[in-house]
Each structure stands twice: as C-alpha cells, then as structure tokens.
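There are 2 protein chains.
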Amino acid sequence: MRRHLLTAITLAAALALTSLAAAVEPLPSWNEGQAKRAIVDFVQRVTEDGGADFVPVPERIAVFDNDGTLWIEKPMYVQLAFALDRVKALAPQHPEWKDKQPFKAALEGDLKTVAAGGEHALLELIMATHAGMTTDAFAKVVMDWLATAKHPRFNRPYTDLVYQPMLELLTYLRANGFKTYIVSGGGIEFMRPWTEKVYGIPPEQVIGSSIKTRFELSDGKPVLVRLPEINFIDDKAGKPVGIHMHIGRRPIAAFGNSDGDLQMIQWTTAGSGERFALIVHHTDSVKEWAYDRQSHVGRLDKAFDEAKAKGWILADMMKDWKVIFPYQLK
Amino acid sequence: MRRHLLTAITLAAALALTSLAAAVEPLPSWNEGQAKRAIVDFVQRVTEDGGADFVPVPERIAVFDNDGTLWIEKPMYVQLAFALDRVKALAPQHPEWKDKQPFKAALEGDLKTVAAGGEHALLELIMATHAGMTTDAFAKVVMDWLATAKHPRFNRPYTDLVYQPMLELLTYLRANGFKTYIVSGGGIEFMRPWTEKVYGIPPEQVIGSSIKTRFELSDGKPVLVRLPEINFIDDKAGKPVGIHMHIGRRPIAAFGNSDGDLQMIQWTTAGSGERFALIVHHTDSVKEWAYDRQSHVGRLDKAFDEAKAKGWILADMMKDWKVIFPYQLK
C-alpha cells in the first residue's frame with residue numbers, strides 16, 4: 025500500500041516537473057536561429073523516451089571548454105592576469121626578481137617580453153606563483169584574488185564576465201538529465217574554488233591542467249603540497265586524455281571556441297549514436313571582441329574549417345546571442 | 025498555482041521516501057554490534073536536517089578501497105591473476121617469452137620467481153599485458169576475461185566474490201545522499217568496465233592507478249592508445265593525491281582494509297566536522313582468509329595501530345558479518 029502511494033506520488037511529481045520544464049522557454053538569451061534550434065532539437069531527440077536517439081541519463085555527458093567558451097579570455101587568459109598579479113604580490117619576498125626574466129618583465133607590465141620568452145617563461149611564472157603551498161592555501165589565494173581583481177576593459181570582477189547564454193545552456197542541459205563538465209586548458213585548481221557557485225559545476229566535474237601534489241604530514245596534520253612540476257596539460261590532444269581519465273566514458277556533446285578544443289570535439293563526435301558539437305564564434309567587436317583565425321588567444325582556425333566540413337554548429341555571438349554577460353540582462 | 029502544486033507534491037514524495045527509507049532495516053548482513061552501530065549513528069548524524077553535524081548532500085563523499093575492501097584479494101590481487109592469464113594468452117605472439125624473465129616464470133606458473141623479480145618484474149608484466157592497444161580494446165579484454173576466469177578456491181567468477189555487507193553499505197550510503205567512490209591501487213581501466221553493474225559505482229567515480237594514453241587519429245578515427253608508461257600510482261600517499269585530483273574536495277568517510285589505505289583515511293578524517301573511517305579486518309579463516317600484520321597481500325599493520333589509537337572502526341569479518349559473498353544469502 026505504502027509502495028503504491030509512493031509510486032503514485034513520484035509519478036505525479038515527475039509529470040508535474042516535466043510539464044513545468046516544458047512550459048518554461050529554454051535559452052531566453054539565444055536568438056531564434058540555427059544554433060538555438062540545433063541545441064533544442066538535439067536535447068529533445070536524446071531525451072525522448074522510446075525515441076530512436078534516446079540516451080540514458082548516465083550517458084548524458086556534456087563537456088565545456090572554459091576560457092572563451094564559458095567566460096572571457098581577452099585581452100589575456102584570466103589565469104595569466106592572476107599569475108602576473110601574484111608576481112607583484114610576491115615580489116617583496118623575491119628581491120632577485122627585479123633583475124631576472126621573465127619576472128622583471130612581469131613586474132614592469134611588459135607583456136611583450138613575457139610573451140617573447142615563450143612557453144618556458146610562462147611556465148616559470150606559473151610555477152613561481154602556483155606552487156610551494158598547500159592546496160587549501162592556493163584555493164584561498166584564488167578566491168581572495170577573484171574578490172578584488174577587475175577586468176581591465178569592463179572594470180568588473182572576472183566572475184561577472186561569464187557568458188549568459190552559456191549559463192542558460194548549462195542549466196537547460198542539466199534540467200534534461202545531463203551531467204555538465206568543464207574541460208579546460210586552464211588550471212584545475214584555479215577553477216574548482218568557484219565553478220560550483222558561478223556555473224553550477226561541482227569540483228568533481230572540473231577537468232583541467234595540473235601540477236603535481238605531494239601528501240605530507242605537517243606537524244601531524246595531513247596536507248597536499250603543490251609542487252613546481254607539471255602533472256598534466258589538458259589542452260588540444262590532452263583534452264580527450266583528460267576526459268577519459270576523469271570521466272571514463274565518452275561525452276555525447278562538446279562545446280568549445282578554439283583549436284584547443286578540436287580533439288575534444290573529434291573524440292566526442294566520433295562515438296556511436298546521436299552526438300552534438302558547438303563552437304562559440306567570437307564575432308561581436310562592439311560588446312566583446314571579434315577574433316578567430318589570426319588571434320593568439322583562442323585561435324579558431326583548424327576547428328573552424330572542420331566545423332564547416334562536419335556540420336558542427338557555430339554560435340555567432342553577435343547574431344545568436346541577445347546579451348553577452350549576466351549583468352546586461354534587463 | 026502550478027508552482028504550489030508542484031511544491032506540495034514534491035514535499036509529499038520526499039516525506040514518503042524518507043519514511044520508507046526509515047522503515048527498511050539497513051545493513052541486513054551486518055550483525056548488531058559496534059561497527060554497524062557506528063555506521064548508522066554516523067549516517068544519522070550527518071543527514072539530520074538542522075542537526076549539529078549535518079552535512080549538505082554535495083559534501084557527502086565516501087571513498088572505498090577496492091581490493092580486500094569491496095572484493096577478494098587472496099590468494100593474489102585479481103588484476104595480477106588477469107595479467108598472468110594475459111601473458112599465457114599472448115605468449116604465441118611472443119615466442120621470446122619462453123626464455124625471458126619474468127615471462128618465463130609467469131608462463132610456468134612459478135609465482136615465487138615472479139615475486140622475486142620485485143616491482144620491476146611486476147611492472148614488466150603489467151606493461152606487456154595492459155598497454156599497446158586502444159582504451160576500448162582494453163575494456164573488452166577485461167570484460168572477456170571476467171566472463172570466463174574463475175577464482176582458484178571458490179571456483180566462481182571474481183565479480184561474484186564481492187562482499188555482500190559492503191554492497192549493502194554502498195547502497196545505504198547512496199540512499200542517504202552520499203556519492204560513493206572507489207579509490208584503489210588497482211588499475212582504473214581494469215575496474216571501470218564493471219563497477220557500475222557490480223557496485224553501482226559509475227566510471228566517473230572510480231579512481232585508480234593508470235598508465236599514460238595518447239590521442240591518435242587512426243584512419244581518421246580518434247582513438248586513445250594505452251602506452252607502456254606509468255601515469256599515476258594510486259596507493260598509500262598517492263590516494264589523497266588521486267582523491268584531490270579527481271574529486272577536488274575532501275571525503276567525509278573512508279573505507280579500507282590495509283596499510284595502503286592509511287593516508288586516505290588520515291586525509292579524510294583530518295577534515296573539520298563529522299568524519300568516519302572503517303577498516304575491514306579479515307578475520308574469517310574458514311569462510312575467507314584471516315590475515316593482517318604478516319600478510320604480503322593486504323598487509324594491515326600501521327593502519328591497525330592507528331585505527332586503535334584514533335578510534336577508527338574495525339569491522340571484524342567473522343563477528344560483524346553474517347555472510348561474506350552475495351551467493352551465500354539465503
């Protein structure tokens with residue numbers, strides 16, 4: 025009897041939820057058009073019980089790049105801005121940096137010289153600012169920085185500069201049984217402290233680049249110490265590797281904006297059954313930035329060609345999006 | 025109006041579920057005693073809405089060792105039995121193995137010589153049998169082997185030799201909002217193909233040791249190829265590192281059976297708020313095996329002492345469990 029009552033109540037609740045979900049128009053900040061239609065079509069196909077393209081809930085995995093896909097990446101990656109600010113904050117403890125590259129250039133705000141140092145210079149900056157402390161201490165450093173740092177053009181906290189249409193997309197997918205993951209070339213520990221609050225993505229669904237950590241007992245208290253040694257680079261061909269390592273099954277939908285996402289999209293769309301790929305194309309030079317093939321940050325070139333050849337959806341930020349950032353909502 | 029109806033229905037369903045959960049006696053294969061009482065007390069404390077020890081659902085993370093905690097590990101780790109069988113299966117393609125250690129010993133079933141080769145010999149066996157194929161191909165090899173291989177003493181498939189009281193514990197925790205993870209020294213890809221079916225633990229909640237993989241386009245088709253190179257050893261001090269890498273937050277409950285789980289338990293119990301640790305003590309020499317301080321497989325020595333010193337729960341398999349394996353249920 026109790027079981028019957030329970031079943032009836034559960035069914036009623038499920039039906040009510042379903043009709044409620046259907047009643048709310050999804051993706052309100054997306055203009056009507058091919059991109060929005062393709063998203064909604066895909067979601068309806070894979071969630072239609074008994075349909076030919078139905079995908080069971082545990083297999084509904086969607087992966088999102090972060091920089092340039094979920095939040096702003098110009099004029100420089102947010103994490104690079106963080107590293108440069110950290111160099112300044114730590115400089116008093118490192119008087120030798122005044123005369124030592126790439127720190128000298130970083131302290132002088134001379135980004136050209138930093139960039140001229142290439143990957144090696146960048147790695148030096150990252151290790152000097154990201155390692156040598158416990159994981160808990162680093163998370164606090166990140167949150168303290170985000171609480172005060174402002175974007176140079178928009179003069180707002182970086183976490184305000186996330187893309188409203190993509191937030192709606194994350195919500196829409198989760199409302200349809202998807203598990204949403206971040207798969208970013210950025211540092212996994214740089215993202216985890218805030219992704220749950222900002223994107224609704226919990227730390228265990230964040231995949232990114234990492235440095236090694238070591239378990240230690242410090243005065244009898246266990247800590248994880250961040251070491252100045254690369255553990256994993258979650259970019260380009262590393263993205264499918266990171267996805268497999270963390271999730272262990274292939275996503276059915278992938279969202280990116282640059283050549284760094286190409287292999288992730290190839291890996292996702294090569295699976296059997298219904299698959300979906302969308303590339304955010306930065307086309308709005310007024311409200312944000314317009315860039316693709318020639319850009320150093322977020323270059324979209326090979327993936328642009330392959331998207332056209334393979335029918336991956338291109339979301340044109342100017343044409344497809346009504347607003348860019350949440351604070352622009354009326 | 026619709027919203028009010030929905031709220032009422034959801035509340036009714038939640039209440040019905042709660043009373044149903046309370047009505048079903050948890051952990052039926054556990055004898056009444058300190059271990060069972062400690063588990064139930066802990067779960068009640070962290071789930072009691074408004075209670076002093078309440079833990080929100082997203083923070084209810086429980087980690088389980090696999091070998092010797094969730095399934096059998098004697099007379100040898102299941103994955104070692106797998107590797108030895110694979111050496112035999114692959115021998116026709118490797119005529120040189122007849123005269124080359126440790127393969128010669130493996131083919132002759134001479135485990136003493138294999139063991140005498142130490143870690144290096146073991147690594148050679150693992151790489152020769154676990155690498156050099158795609159991730160999909162390896163998953164199939166594992167499943168094919170599990171479908172036919174039998175345990176030498178119990179003459180049953182290895183996946184029958186999981187611990188019934190621990191299955192009930194996994195179910196009980198999940199029914200109370202916990203996310204259950206495996207954190208094993210064993211290979212992550214050796215476990216993922218079957219953990220969802222056997223333990224109800226999906227691949228994204230399996231953490232383990234791994235070899236490196238490389239993304240490749242093979243005739244235009246993206247694959248991940250398994251390389252003969254260690255990526256990560258998820259054992260001892262590696263367990264907290266693996267937990268942090270995959271989950272990004274600290275578990276509130278940890279379950280193990282050997283010194284390999286010591287640091288995982290230290291890391292888990294050192295967090296603030298209510299914490300729980302339980303060690304499965306193999307005491308049943310009749311129905312399974314009795315072993316602890318002197319055992320090569322699953323040695324429980326340092327963690328045994330620390331459990332006593334810190335009040336971690338010891339589950340005595342003979343006294344605390346009514347049955348060991350699911351097939352013994354009446």
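Residue numbers (the numbering used here), protein chains in the order written: chain A, 25 to 354; chain B, 25 to 354.
Ideal Cβ positions, reconstructed from N, Cα and C, are used throughout, including at glycine.
Here the structure is a predicted model, which means the values were calculated and not measured.
Contacts that SER282/B makes with chain A (C-beta to C-beta distance below 7 Å)
Looking up residue 282/B in the second sequence gives position 258. Here the premise fails: no neighbours, minimum Cβ distance about 17 Å.
Applying the criterion that 16 or more other CB atoms from any shown protein chain within 10 Å of the CB defines a buried residue, is GLN117/B buried or exposed?
Counting from 1 along the second sequence, the entry for residue 117/B is found at position 93. Exposed, because fewer than 16 other Cβ atoms sit within 10 Å of the Cβ of GLN117/B.
By the three-class DSSP mapping on this structure, what secondary structure does GLY266/B have?
Numbered from 1 along the second sequence, position 242 holds the residue referred to as residue 266/B. Three-state DSSP puts GLY266/B in a helix.
Applying a beta-carbon distance threshold of less than 8 Å, which residues of chain E neighbour PRO119/A?
No chain E appears in this structure, whose protein chains are A and B.
Against chain A, with Cβ distances strictly below 9 Å, would GLN103/B count as a contact?
Against the second sequence, residue 103/B aligns to sequence position 79. No, its Cβ sits nowhere closer than 9 Å to a Cβ of chain A.
So is ILE289/B buried or exposed if we call it buried at 16+ other beta carbons inside 10 Å?
Mapped onto the second sequence, residue 289/B falls at position 265. Classification for ILE289/B: buried.
In three-state DSSP terms, what is TRP54/B?
Walking along the second sequence from the start, residue 54/B turns up at place 30. Strand, per DSSP.
How should ALA161/B be labelled, buried or exposed, when 16 other C-beta atoms within 10 angstroms of its C-beta is the threshold for buried?
Translated into the one-based positions of the second sequence, residue 161/B becomes position 137. The residue is exposed, with fewer than 16 neighbouring Cβ atoms inside 10 Å.
Report yes or no: do the stretch 306 to 322 of chain B and the stretch 120 to 130 of chain B share at least 3 C-beta pairs separated by less than 8 Å?
no
For THR158/A, which residues does DSSP report across the bridge?
As a first step, residue 158/A must be located in the first sequence, where it is residue number 134. According to DSSP, which records beta bridges pairwise, THR158/A is partnered with VAL249/A.
Got a sec: which bits of the stretch 285 to 303 of chain A sit with their beta carbon under 8 Å from any beta carbon on chain B, in order along the chain?
GLN287, GLN290, TRP291 and ALA294
Nearest chain B C-beta to ASN255/A closer than 9 Å, yes or no?
Residue 255/A sits at position 231 when you count from the first residue of the first sequence. It does: the Cβ of ASN255/A has a partner Cβ on chain B nearer than 9 Å.
Between ALA126/B and LEU149/B, how many whole angstroms is the CB-CB distance? I'm expecting something under 8 Å.
Along the second sequence, read from residue 1 onward, the residue named residue 126/B stands at position 102. Along the second sequence, read from residue 1 onward, the residue named residue 149/B stands at position 125. With the sequence shown as reference, residue 126/B is identified as Pro, and Ala is not the correct amino acid for it. The pair is a contact, with the Cβ atoms about 6 Å apart (cut-off 8 Å).
Expressed to the nearest angstrom, what Euclidean distance is found between the alpha-carbon atoms of PHE66/B and PRO227/A?
The residue labelled residue 66/B in the question sits at position 42 within the second sequence. The residue labelled residue 227/A in the question sits at position 203 within the first sequence. Their Cα atoms are separated by approximately 24 Å.
Output the residue ranges of the beta strand (DSSP E) runs that lie fully inside the stretch 258 to 341 of chain B and measure 3 residues or longer, sorted by chain position.
277 to 280, 300 to 307 and 337 to 340
Per-residue DSSP class, three states only, for PHE127/A:
Residue mapping note: residue 127/A aligns to position 103 of the first sequence, counting from 1. In this structure, PHE127/A counts as helix in the three-state DSSP scheme.
So if DSSP puts SER242/B in a beta bridge, which residue, or which two residues, is it bridged to?
For this step, residue 242/B is matched to residue 218 along the second sequence. According to DSSP, which records beta bridges pairwise, SER242/B is partnered with LYS245/B.
On the DSSP bridge list, what partners appear for ASP91/B?
The residue given as residue 91/B occupies position 67 in the second sequence. ASP91/B pairs with TRP95/B.
Supposed contact pair ALA173/A and ASP109/A - C-beta distance, whole angstroms, cut 8 Å
One-based indexing of the first sequence puts residue 109/A at position 85. One-based indexing of the first sequence puts residue 173/A at position 149. Correct: roughly 6 Å between the Cβ atoms.
Of the residues PHE78/A, THR71/A, GLU240/A and ILE212/A, the one placed nearest HIS154/A, counting alpha carbons only:
As a first step, residue 154/A must be located in the first sequence, where it is residue number 130. Closest by alpha carbon: ILE212/A.
Within this structure, are the beta carbons of PHE349/A and PHE178/A separated by less than 9 Å?
Within the first sequence, residue 349/A is the residue found at index 325, counting from 1. Within the first sequence, residue 178/A is the residue found at index 154, counting from 1. Taking 9 Å as the Cβ cut-off, PHE349/A and PHE178/A qualify as a contacting pair.
Kindly list, in the order they appear in chain A, the residues whose Cβ is closer than 8 Å to that of PRO264/B.
Taking the second sequence and counting its residues from 1, one reaches residue 264/B at position 240. Those are PHE239, PRO246 and LEU248, listed as they occur along chain A.
Measure the C-alpha to C-alpha separation of LEU146/A and GLY232/B and round it to an integer number of angstroms.
Taking the first sequence and counting its residues from 1, one reaches residue 146/A at position 122. Taking the second sequence and counting its residues from 1, one reaches residue 232/B at position 208. Between LEU146/A and GLY232/B, the C-alpha separation is close to 31 Å.
In terms of residue numbering, what span does the beta strand (DSSP E) encompassing LYS174/A cover?
The count along the first sequence starts at 1 and reaches residue 174/A at position 150. Segment: none, LYS174/A is in no beta strand (DSSP E) and carries neither H nor E.
At least one CB of chain B closer than 9 Å to the CB of ALA314/A: is that the case?
Here residue 314/A refers to the residue found at position 290 of the first sequence. No, because no Cβ of chain B sits closer than 9 Å to the Cβ of ALA314/A.
I believe GLU83/B touches ILE225/B by the beta-carbon criterion, under 8 Å. Please report the beta-carbon distance rounded to the nearest angstrom.
Within the second sequence, residue 83/B is the residue found at index 59, counting from 1. Within the second sequence, residue 225/B is the residue found at index 201, counting from 1. About 18 Å separates the two Cβ atoms, so there is no contact after all.
Could you tell me the distance, in whole angstroms, from the CA atom of GLY57/B to the CA atom of PRO189/B?
Looking up residue 57/B in the second sequence gives position 33. Looking up residue 189/B in the second sequence gives position 165. Cα to Cα, the separation comes out at about 14 Å.
Could you name the residues of chain B that GLY272/A contacts, counting a contact when the two beta carbons are closer than 7 Å?
Stepping through the first sequence from its first residue, residue 272/A is reached at position 248. Residues of chain B passing the Cβ test: ARG216, PRO227, GLU228 and VAL230.
With 9 Å set as the bound, which would you pick, yes or no: does the beta-carbon of ILE337/B sit closer than that to a beta-carbon of chain A?
Counted from its first residue, the second sequence places residue 337/B at position 313. For ILE337/B, the answer is no, since every Cβ of chain A falls outside 9 Å of its Cβ.
So, helix, strand or coil for PHE66/B, using DSSP?
Working through the second sequence from its first residue, we reach residue 66/B at position 42. Helix at PHE66/B.
Excluding the 5 residues flanking ASP283/A on each side, which residues of the same chain have their C-beta closer than 7 Å to its C-beta?
Indexing the first sequence from 1 puts residue 283/A at position 259. So the qualifying residues of the chain are ARG323, LEU324, ASP325, LYS326 and ALA327.
Helix, strand or coil for MET25/A per DSSP?
Translated into positions along the first sequence, residue 25/A becomes position 1. For MET25/A, the predicted structure reports a pLDDT of 42, less than 50, and the residue's modelled location is therefore unreliable. The matter cannot be settled from this model.
Can you give me the Cβ contacts of MET25/A inside the same chain, cut-off strictly under 7 Å, excluding the 5 residues immediately before and after it?
Stepping through the first sequence from its first residue, residue 25/A is reached at position 1. Low confidence applies here, because MET25/A scores a pLDDT of 42, under 50, leaving its location unreliable and the question unanswered by this model.
Using the Cβ count rule (16 or more neighbours within 10 Å means buried), how would you classify MET167/B?
Taking the second sequence and counting its residues from 1, the one referred to as residue 167/B is at position 143. So MET167/B counts as exposed.
CB contact below 9 Å: GLU213/B versus chain A
Sequence index remark: in the second sequence, residue 213/B carries index 189 (1-based). Output row for GLU213/B: interface = yes.
Best match in TRP345/B, ARG274/B and GLU312/B for proximity to PRO99/B [C-alpha to C-alpha]:
The residue given as residue 99/B occupies position 75 in the second sequence. For the residues TRP345/B, ARG274/B and GLU312/B, the minimum Cα distance to PRO99/B belongs to GLU312/B.
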